[in-house]
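Residue numbers (the working numbering), protein chains in the order written: chain A, 345 to 497; chain B, 345 to 497; chain C, 32 to 114; chain D, 32 to 114. Every residue gets a Cβ at the ideal spot worked out from N, C-alpha and C, and that includes glycine.
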């Protein structure tokens, strides 16, 4: 397992190459990259920040869960923080497995779950201003539901 | 679109890197590699062969269909032929897309469909003999059903 | 008792900083702490509705009781990965 | 009329080569051609049950009529990709 939060470019090739072992028949890679627009608005760059210690422990827990749940052999999960330009990789997920179905399923579950539960945020800089990106709603088990702050009507 | 059948090592890093464009938010890569065993029997190497012209035109058709069906931006589909050792990449699929769902779905559909319809075969060399790998059954629309050869009972 | 509260993302701007110390009565819960911030962000009630809370780097429920020295983090919906 | 028949994978070994020329009556179909090979592989009936046929590099049906000079390929279930 390789779980990292980095400030520099993610060495995708090197990470993927280092993951392969003889028992693997399939490697599925997800490379999340900074797109040049959000809903048609031109993106200049993104600034990522994290609650770093918690993000790392969440990422480690996700990788362990993916291995247990899908029976894949190994997982790499690397997220970059700081200022990212269009085309930069923000997150790289590599799953190595004997069989392809498990590799795809685990890889997809990892990115979907990371985006909902790992404490990382991004601020998008457009030509005409910056906004914190809308996050995905937390899963129900994470949000303090009746938290006395009004809640949903 | 990059559709190739090659005899040398597939330059996975270079292909994946060349696929990225500003409009992409997700790149999904499937790297199919020669595993060291099949059902526990130790594999020494695999020999791949193809009905080359037809395989290329089928691969091109699959890539076009994936783009149309899933709305992804670009697809690379590269298969290697000849003798492959354990750990070698036999097939590389790269899908670039604005959104990750489409990238995953297209990538998985491509490998699943390639394995059923693209005329490529492999012979597995074990320590104690060689066999042509069992292929996946052709989709119904491809097999001449009542072909006068006996058919299924 | 005293806890440290960390703010992330948009909450840093709302509460004017990355962290602060907060004095709470013994036995206070995550919910009690959240009510303090709800009062401070009264003009933007939606801000606190969707957040999660971590205590010592683990997601916590509203009924969880805080202890002296806890690190409490207020977490807006996360947006890691790419779009 | 004369067509070229190509063999792939295990069929190369079964029929002893990569290709051969075959003389067929005008109007013969893919099915007619398959019957000739079924007769030759009579000891291994399953071999032909699961194959596909391509005519001029396109998958063909059993009722398709062959033309002089066609390239007919007998294709065992394919096994490209990795396992």
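Burial state of residue i, where buried means 16 or more other Cβ atoms lie within 10 Å
i             : result
residue 488/A : buried
residue 393/A : buried
residue 384/A : exposed
residue 402/A : buried
residue 47/C  : exposed
residue 67/C  : exposed
residue 426/A : exposed
residue 110/D : buried
residue 371/A : buried
Residue i versus residue j: straight-line alpha-carbon distance, rounded
i             : j             : result
residue 347/B : residue 86/C  : 51 Å
residue 96/D  : residue 413/B : 32 Å
residue 437/A : residue 462/B : 28 Å
residue 391/B : residue 407/A : 35 Å
residue 423/B : residue 457/B : 14 Å
residue 65/C  : residue 77/C  : 13 Å
residue 365/B : residue 430/A : 9 Å
residue 88/C  : residue 419/B : 41 Å
residue 467/B : residue 107/C : 54 Å
residue 34/D  : residue 363/A : 49 Å
residue 410/A : residue 99/D  : 57 Å
residue 433/B : residue 113/D : 8 Å
residue 352/A : residue 36/C  : 29 Å
residue 72/D  : residue 483/B : 23 Å
residue 405/B : residue 32/D  : 31 Å
residue 56/D  : residue 84/D  : 19 Å
residue 485/B : residue 450/B : 21 Å
residue 40/D  : residue 476/B : 7 Å
Where the alpha helix (DSSP H) containing residue i begins and where it ends
i             : result
residue 411/A : 396–414
residue 454/A : 444–461
residue 359/B : 356–363
For residue i, the nearest candidate out of the options (CA to CA)
i             : options                       : result
residue 93/C  : 50/C, 58/C and 75/C           : 58/C
residue 472/A : 386/A, 450/A, 435/A and 446/A : 386/A
residue 356/B : 376/B, 367/B, 369/B and 365/B : 376/B
residue 42/D  : 104/D, 32/D, 54/D and 91/D    : 104/D
residue 421/B : 432/B, 360/B and 395/B        : 360/B
residue 345/A : 441/A, 476/A and 477/A        : 441/A
residue 460/B : 371/B, 444/B and 480/B        : 480/B
residue 452/B : 454/A, 465/A and 446/A        : 446/A
residue 398/A : 465/A, 426/A, 476/A and 478/A : 465/A
residue 60/D  : 101/D, 45/D and 109/D         : 101/D
residue 395/A : 32/C, 79/C and 50/C           : 50/C
residue 367/A : 485/A, 469/A, 454/A and 415/A : 415/A
residue 439/A : 350/A, 369/A, 349/A and 373/A : 373/A
Start and end residues, beta strand (DSSP E) containing residue i
i             : result
residue 37/C  : 33–38
residue 347/B : 346–350
residue 425/A : Here residue 425/A belongs to no beta strand (DSSP E), and DSSP marks it neither H nor E.
Chain-ordered neighbours of residue i on chain G, where CB pairs are closer than 8 Å
i             : result
residue 439/A : No chain G appears in this structure, whose protein chains are A, B, C and D.
Whole alpha helix (DSSP H) runs in the stretch 42–76 of chain C with 4 or more residues, listed along the chain? Runs of the alpha helix (DSSP H) lying entirely within the stretch 42–76 of chain C, each at least 4 residues long, are 61–71 in chain order.
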